[in-house]
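Read the structure below first, then the notes.
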Amino acid sequence: MEIKVVRRVLDVNEKMAQQNRSLFTEKEIFVLNVMSSPGSGKTTMLERTLSYVLPEIRSAVIAGDICTSNDADRLARTGVPVEQVNTDEFGGDCHLAAHVIEKAASNIDLDDIDLLIVENVGNLVCPAEFDIGEDARVVVLSVTEGEDKPLKYPLMFRECNAAILNKIDLLPYLEYNKNSTLKNIQQINPGMPVFEISATKNTGFDPWIEWLKNKVKSKQKKL
Amino acid sequence: MHEMGIAMEIVEIAISSIPDNIKNACVERVNLKVGKLSAIVPESLRFCFDIVSKDTPLAGAKLNIENIPVVVRCRECDLKWTIDSPVFKCKKCKSGLIDIISGRELDITSIEVVEE
Ligand SMILES: Nc1nc2c(ncn2[C@@H]2O[C@H](COP(=O)(O)OP(=O)(O)OP(=O)(O)O)[C@@H](O)[C@H]2O)c(=O)[nH]1
Ligand SMILES: [Mg+2]
Ligand SMILES: [Zn+2]
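Structure, rendered in structure tokens:
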């Protein structure tokens with residue numbers, strides 16, 4: 001006997017994500033989900049980003065790391081509250097799910113922040129599938145990763161609202177065709193802003209910071 | 224890569240979908256729709272499913288996976304087409320305002336049950 005079911009497998013996650021989103025909207029908090037492959041420079045980029053937006057924009061971070069607390073420690077040095085989350089609980093290390101964010105956010109004073117940054121687990125595949133209740137998604141891609149990454153991970157680049165091309169300082173040492181990367185990104189997500197930066201050399205941040213600040217402010221005006 | 228969590232979710236949804244009036248029901252087949260844009264690898268999903276369905280009414284059940292192509296529609300000129308490479312740009316009017324109509328599915332459509 002065939003029994004009709006018609007349910008999305010990720011239903012539970014999506015409901016929780018909506019619940020998170022309502023809470024963050026009520027608190028006028030802009031939530032940024034930062035994703036990339038391992039080592040593309042998320043933590044370094046976020047350390048710099050925080051130094052630009054603080055203290056004007058009160059921030060907190062949720063850092064998803066598989067087993068160390070290195071990233072959380074580095075980010076905590078900027079002076080913001082950092083919640084380190086364990087991704088082991090839900091049968092995998094590959095992404096942060098909405099219920100993990102809900103739990104982590106309950107340890108943060110939400111009345112005290114305007115911006116909540118989530119450093120997702122280093123992975124270009126799985127995090128793109130999991131809504132966590134964020135307002136915007138940003139993918140960090142470093143120039144050492146090759147030009148064809150956007151084409152190989154279309155869902156990630158399709159789902160993001162902006163891309164950061166990091167480690168620009170290494171261009172002179174690489175045989176890397178930056179224009180080809182930019183073209184590939186535009187093919188997947190026409191019109192998506194791409195910010196070219198060097199997180200270690202601290203260059204190229206201004207347009208990115210302006211983009212972020214505008215987003216945070218528009219979230220506050222919405223209510 | 225998160226196939227284990229997905230498999231657990233599938234087992235849970237399937238079990239909760241077995242009607243109460245069927246005693247000792249045993250699920251033979253789970254019919255799934257998986258979009259081509261989803262990050263699921265069918266082989267690993269089957270592997271994980273076999274593990275997590277042990278000792279449940281789904282033990283030994285088959286996962287029947289229907290692959291759903293990526294269909295998009297242009298917001299400017301309404302053209303609808305199936306893409307087989309990741310190019311999200313209208314073939315006709317070159318617009319980049321493209322909506323994904325299908326290809327992101329990860330849905331259970333039905334289960335097939337036998338009474339023991
Ligand atoms: N040359 C260069 N190196 C960089 C840049 N940004 C980051 N790195 C280096 O890249 C390495 C990884 O940086 P992280 O910031 O830890 O990267 P991540 O994406 O947070 O890594 P995971 O969280 O482990 O996925 C470190 O050795 C950084 O110093 C950059 O702009 N230029
Ligand atoms: Mg990191
Ligand atoms: Zn068109």
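For the protein sequence lines, the chains are A and B, in the order given. When the letters of the first sequence are read in order and numbered with the working numbering, they come out as residues 1 to 223. When the letters of the second sequence are read in order and numbered with the working numbering, they come out as residues 224 to 339. Built from N, CA and C at the ideal position, the CB exists for glycine as well. Values in this document were obtained by computation on a predicted structure and should not be read as measured data.
Quick one: grab the DSSP three-state call for Val172 of chain B.
An answer regarding residue 172 of chain B cannot be provided, because it is not within the stretch 224 to 339 covered by chain B.
Which residues in the same chain have their Cβ closer than 7 Å to the Cβ of Gly91 of chain A, if we skip the five residues on either side of it in sequence?
Residue mapping note: residue 91 of chain A aligns to position 91 of the first sequence, counting from 1. Because Gly91 of chain A carries a pLDDT of 48, less than 50, the predicted location of this residue cannot be relied on, and the following value inherits that uncertainty. Within the same chain, Gly91 of chain A has no close Cβ partners at all.
Report the residue ranges of all alpha helix (DSSP H) runs contained in full by the segment 232-293 of chain B; include only those spanning at least 4 residues, in chain order.
Taking only runs of at least 4 residues, the alpha helix (DSSP H) segments lying wholly in the segment 232-293 of chain B are 265-275.
Does the beta-carbon distance from Cys297 of chain B to Leu260 of chain B come in below 8 Å?
Taking the second sequence and counting its residues from 1, the one referred to as residue 297 of chain B is at position 74. Taking the second sequence and counting its residues from 1, the one referred to as residue 260 of chain B is at position 37. Result no, Cβ atoms of Cys297 of chain B and Leu260 of chain B do not sit closer than 8 Å.
Evaluate Gly79 of chain A with the Cβ neighbour count: other Cβ atoms within 10 Å of its Cβ, from every protein chain shown; 16 or more gives buried, anything less gives exposed.
If you number the first sequence from 1, residue 79 of chain A lands on position 79. Exposed is the call here.
Which whole-angstrom value describes the C-beta separation of Val225 of chain A and Leu75 of chain A, a residue pair presumed to lie in contact below a C-beta threshold of 8 Å?
The first residue shown for chain A is 1 and the last is 223, placing residue 225 of chain A beyond what the model contains.
Measuring only the C-alpha atoms, how far is Asn20 of chain A from Asp114 of chain A?
If you number the first sequence from 1, residue 20 of chain A lands on position 20. If you number the first sequence from 1, residue 114 of chain A lands on position 114. For Asn20 of chain A and Asp114 of chain A, the distance between alpha carbons rounds to 15 Å.
When you compare each of B:Lys277, B:Thr279, B:Arg327 to Glu289 of chain B by their alpha carbons, which one comes out closest?
For the purposes of this step, residue 289 of chain B is taken as the residue at position 66 of the second sequence. It is B:Arg327 whose Cα lies nearest to the Cα of Glu289 of chain B.
Give the DSSP-derived three-state secondary structure of Leu23 of chain A in the structure shown.
One-based indexing of the first sequence puts residue 23 of chain A at position 23. Looking at Leu23 of chain A - three-state DSSP - the assignment turns out to be helix.
How would you list, in chain order, the residues of chain A whose beta-carbon sits under 9 Å from the beta-carbon of Phe311 of chain B?
Along the second sequence, read from residue 1 onward, the residue named residue 311 of chain B stands at position 88. What Phe311 of chain B touches in chain A: Pro154, Arg158, Gln187, Ile188, Asn189, Pro190.
In whole angstroms, what is the alpha-carbon distance linking Lys15 of chain A and Leu171 of chain A?
Position 15 of the first sequence holds residue 15 of chain A. Position 171 of the first sequence holds residue 171 of chain A. The straight-line gap from Cα to Cα measures roughly 43 Å.
Ordered along the chain, which non-local residues of its own chain (more than five positions away) have a Cβ less than 7 Å from that of Glu196 of chain A?
The residue you call residue 196 of chain A lines up with position 196 of the first sequence. Leu165, Ile168, Gly204.
Hey, would you say the C-beta of Glu299 of chain B is under 7 Å away from at least one heavy atom of ligand 3?
The count along the second sequence starts at 1 and reaches residue 299 of chain B at position 76. Because some heavy atom of ligand 3 lies under 7 Å away, the Cβ of Glu299 of chain B counts as near it: yes.
Out of A:Asn214, A:Lys217, A:Ile209, A:Gln220, which has the shortest C-alpha to C-alpha gap to Leu50 of chain A?
Taking the first sequence and counting its residues from 1, the one referred to as residue 50 of chain A is at position 50. Checking every option, the nearest Cα to that of Leu50 of chain A belongs to A:Ile209.
My output table needs one value for Gly91 of chain A: the three-state DSSP class, helix, strand or coil.
Along the first sequence, one-based indexing puts residue 91 of chain A at 91. With a pLDDT of only 48 at Gly91 of chain A, under 50, the local geometry of the prediction cannot be trusted, and the value read off the model is given with reservation. Note: Gly91 of chain A maps to coil in three-state DSSP.
Run down chain A in chain order and give the residues with a C-beta less than 8 Å from the C-beta of Thr332 of chain B.
Reading the second sequence from its first residue, position 109 is the one you call residue 332 of chain B. Those are Lys4, Val5, Val6, listed as they occur along chain A.
In whole angstroms, give me the CA-to-CA distance for Gly283 of chain B and Gly146 of chain A.
Position 60 of the second sequence, counted from the start, is the residue given in the question as residue 283 of chain B. Position 146 of the first sequence, counted from the start, is the residue given in the question as residue 146 of chain A. Using only the alpha carbons, I get a separation of about 43 Å.
To the nearest angstrom, how far is it from the Cα of Val294 of chain B to the Cα of Ala98 of chain A?
Position 71 of the second sequence holds residue 294 of chain B. Position 98 of the first sequence holds residue 98 of chain A. Going from the Cα of Val294 of chain B to the Cα of Ala98 of chain A covers about 27 Å.
Could you name the residues of the same chain whose beta carbon sits closer than 7 Å to that of Tyr153 of chain A, not counting the 5 residues immediately before and after it, in chain order?
What you label residue 153 of chain A is simply residue 153 of the first sequence in a count that begins at 1. Cβ within range, chain order: Leu124, Val125.
Can you tell me the Cα-Cα spacing of Leu110 of chain A and Phe130 of chain A, whole angstroms?
If you number the first sequence from 1, residue 110 of chain A lands on position 110. If you number the first sequence from 1, residue 130 of chain A lands on position 130. C-alpha separation (whole angstroms): 22 Å.
On the DSSP bridge assignment, give the partners of Leu329 of chain B in chain order.
Counting from one through the second sequence, the residue named residue 329 of chain B turns up at place 106. For Leu329 of chain B, which the question treats as bridged, DSSP gives the partners B:Val257.
May I ask which residues mark the beginning and end of the alpha helix (DSSP H) holding Ile185 of chain A?
Start at 1 with the first residue of the first sequence, and residue 185 of chain A comes out as number 185. That run of the alpha helix (DSSP H) goes 178-188.
According to DSSP, is Gln71 of chain A part of a helix, a strand, or is it coil?
Counted from its first residue, the first sequence places residue 71 of chain A at position 71. With the sequence shown as reference, residue 71 of chain A is identified as Asp, and Gln is not the correct amino acid for it. If DSSP states are grouped into helix, strand and coil, Asp71 of chain A belongs with the helices.
Find the residues of chain A that neighbour Glu266 of chain B, judging by a C-beta separation of less than 7 Å, and give them in chain order.
By 1-based counting over the second sequence, the position of residue 266 of chain B is 43. Per Cβ cutoff of 7 Å: no residues; Glu266 of chain B is ~15 Å from chain A at best.
So Leu50 of chain A is in the alpha helix (DSSP H); what residue range does that whole segment cover?
Within the first sequence, numbered from 1, the residue matching residue 50 of chain A stands at position 50. It spans 42-53 - the alpha helix (DSSP H) in which Leu50 of chain A sits, taken as one unbroken run.
Straight-line CA distance for Gln187 of chain A to Asp322 of chain B?
Taking the first sequence and counting its residues from 1, the one referred to as residue 187 of chain A is at position 187. Taking the second sequence and counting its residues from 1, the one referred to as residue 322 of chain B is at position 99. Gln187 of chain A and Asp322 of chain B: Cα-Cα distance of roughly 14 Å.
Buried or exposed, going by whether 16 or more other CB atoms sit within 10 Å of the CB of Glu232 of chain B?
Taking the first residue of the second sequence as 1, we reach residue 232 of chain B at position 9. Burial call: buried.
How should Cys316 of chain B be labelled, buried or exposed, when 16 other C-beta atoms within 10 angstroms of its C-beta is the threshold for buried?
Position 93 of the second sequence, counted from the start, is the residue given in the question as residue 316 of chain B. Per the 10 Å Cβ criterion, exposed.
Mind checking the segment 241-265 of chain B against chain A and listing, in chain order, the residues whose C-beta falls within less than 7 Å of any C-beta there?
Answer set for the segment 241-265 of chain B: Pro242, Leu260, Ser261, Ala262.
Looking at C-alpha atoms only, which residue of B:Asp330, B:Pro309, B:Val337 is the closest neighbour of Val6 of chain A?
Along the first sequence, read from residue 1 onward, the residue named residue 6 of chain A stands at position 6. When only C-alpha atoms are compared, the closest one is B:Asp330.
Which stretch, first to last residue, makes up the alpha helix (DSSP H) that contains Val100 of chain A?
The sequence position of residue 100 of chain A within the first sequence is 100, counting from 1. First-last of the alpha helix (DSSP H) with Val100 of chain A: 98-105.
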